[in-house]
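A quick write-up on the structure given underneath.
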């Protein structure tokens, strides 16, 4: 599917979604509550078949968080970037997509460990890199660590 | 960290493998639940070499951050540098001169060969054969010497920079690589005689660590791991960069889905890399090796993603720029991280010894996983 066709298809599935076409791939901005049903459709619909989740990351925009999912369909050879906005900065939560793409398991653990985003229904949310008693989430913009951080 | 090492309520034995175990190739820590000798569960605990490179990069300029990335997948450091340079070039629309591109591809393929050679030697040790290690390091040493002469370093080269490469190749480079090709061609068959055809080795590899193509894709595996499960995924073919579209090479696909298939993919890739080097070595175009770039690089506001094929799989660099001198957020999609996440699936129900063999064919580099 081309960018335009994808856009039309996604608007049908989720009328509230907004798009950004400036980059290499089509970007779709959604709300966190729409993510799990949309992810199921993206993976399973015959004309979408996004079977490869190759990058999952979280971005701290100071007022809110964004979860960014890079998707590719190996069968139909098209790409999509999904950005879910997490407005609640105090208690950021989003549904886990571990059951749809199993690679999300580790990537979500990383986002939890370094950015502090809670994944609902994740099989075992734990600190992946840091110690269990580590305070704070290093990749957040407001994180200060006087001991371990070297100002460059 | 796990506290309940010992016996589980069901009577299973819970043990630690690593972080200081030779078969984990670095500081990888696995907590394994064993029923007799059968692996019931295998849970990786990471972070022993976590340096938070992504956070570090947020305070480094677009020329500086490339040096840090050599320290991730240190066996593919050229290719890591290439991935980062490509992202910066994409954002600033810098066109790399032909000479620069060809030198990059030559260096990347030499690195891939060096990496596969080290893996081959280490895999031998994992399954109980010590000799391959010496054979592999004998040839790898020659590549390291070539790298040292041109790049000034043997492991973390920092040679590929935005705009091209840092210096021109050494006058001896072409001759030395030719000597290496002659040497390697006389040795590659020896590898097959020594290891590939060995019946004990084959029995340790065949049918071990099975993962179907669909599962491997779901776990986000890339590189030789996914190609051994019959899925095409070579970035050099899917989205060619730096002139890979102009060279002839085959994407190796195996359908065995087991450790032996992964072994065969890498052994065949060695020959493909050699063929790429042969095609380019006498055809390095004259001209500039680096495009003219500003001393201080400033990326426009936006998001940039580029992918390269390292020896381990797909390496992605995702830069979010706010128009400043440093990235706002940077994410490295490392191939080893996703490949490791499939280990639990591959080894469930197998014997503890097979876990070591499976881990060997995943070709894990821990700094690449921990970042």
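Chains as they are written, first to last, in my numbering: chain A, 17 to 168; chain B, 1138 to 1508. In this text, a Cβ means the ideal position worked out from N, Cα and C, and glycines have one as well.
The C-beta of residue 1320/B has fewer than 16 other C-beta atoms within 10 Å across all chains shown, which makes the residue exposed.
Between the stretch 1376–1389 of chain B and the stretch 1203–1214 of chain B there are fewer than three C-beta pairs closer than 8 Å, too few to call the two in contact. Taking all protein chains in view, the Cβ of residue 61/A is surrounded by fewer than 16 other Cβ atoms within 10 Å, so the residue is classified as exposed. Flagged as an interface residue toward chain A: residue 1466/B, by a C-beta distance shorter than 8 Å. Under the three-state reduction of DSSP output, residue 1427/B falls in the strand class. For residue 1469/B, no alpha helix (DSSP H) encloses it; the enclosing beta strand (DSSP E) starts and ends at 1466–1470.
At a cut-off of 8 Å between beta-carbon atoms, residue 1458/B makes no contact with chain A.
When secondary structure is reduced to three states using DSSP, residue 102/A falls in the strand class. DSSP links residue 95/A through a beta bridge to 88/A.
Contact annotation, residue 69/A with residue 100/A: C-beta distance approximately 13 Å; criterion of less than 8 Å not satisfied. Residue 45/A is bridged by DSSP to 34/A and 99/A. Chain B has a Cβ within less than 8 Å of the Cβ of residue 118/A.
Residue pairing by DSSP puts residue 1451/B in a beta bridge opposite 1446/B. When 8 Å is used as the limit between beta carbons, residue 38/A is near these residues of chain B: 1439, in chain order. Proximity of the stretch 1215–1222 of chain B to the stretch 1292–1312 of chain B meets the contact definition, three or more beta-carbon pairs being nearer than 8 Å. In this structure, residue 1436/B places its C-beta atom within 8 Å of the C-beta atom of residue 1458/B. Residue 1467/B and residue 1453/B have their C-alpha atoms spaced approximately 10 Å apart.
Within the stretch 49–73 of chain A, 67, 68, 69, 70, 71 and 73 place their CB atoms closer than 8 Å to a CB of chain B, listed in sequence order. According to DSSP, residue 144/A shares a beta bridge with no other residue.
For the set 1248/B, 1489/B, 1507/B and 1365/B, the Cα lying nearest the Cα of residue 1178/B is the one of 1489/B.
For the pair residue 98/A and residue 39/A, the Cα-to-Cα distance works out to about 13 Å. With a threshold of 16 other beta carbon atoms within 10 Å, residue 79/A falls short and is exposed. Residue 1166/B carries a strand assignment under DSSP once its states are collapsed to helix, strand and coil. By the rule that beta-carbons nearer than 8 Å mark a contact, residue 90/A touches chain B.
Residue 1294/B places its beta carbon less than 8 Å from that of residue 1215/B.
For residue 1181/B, the pairing in a beta bridge is given by DSSP as 1167/B. Using a Cβ-Cβ cut-off of 8 Å, residue 1474/B counts as an interface residue toward chain A, since at least one Cβ of chain A sits closer than that to its own.
Between the alpha carbons of residue 1194/B and residue 1441/B lies a gap of roughly 15 Å. If you look at residue 74/A, you'll find it isn't in any alpha helix (DSSP H); it sits in the beta strand (DSSP E) that goes 68–76. With its beta carbon at least 8 Å from every one in chain A, residue 1222/B lies outside the interface.
Here residue 131/A really is in contact with residue 74/A; their C-beta atoms are around 4 Å apart, less than 8 Å. By the CB criterion at 8 Å, residue 1451/B and residue 1370/B fall inside the cutoff. Annotated three-state conformation of residue 29/A is helix, per DSSP.
By the beta-carbon neighbour count (other beta carbons within 10 angstroms, threshold 16), residue 91/A is exposed.
Inclusion of residue 1264/B and residue 1338/B in the CB contact set at 8 Å is warranted, their separation being smaller than that value.
The stretch 1248–1258 of chain B and the stretch 1397–1406 of chain B touch, with three or more beta-carbon pairs separated by less than 8 Å.
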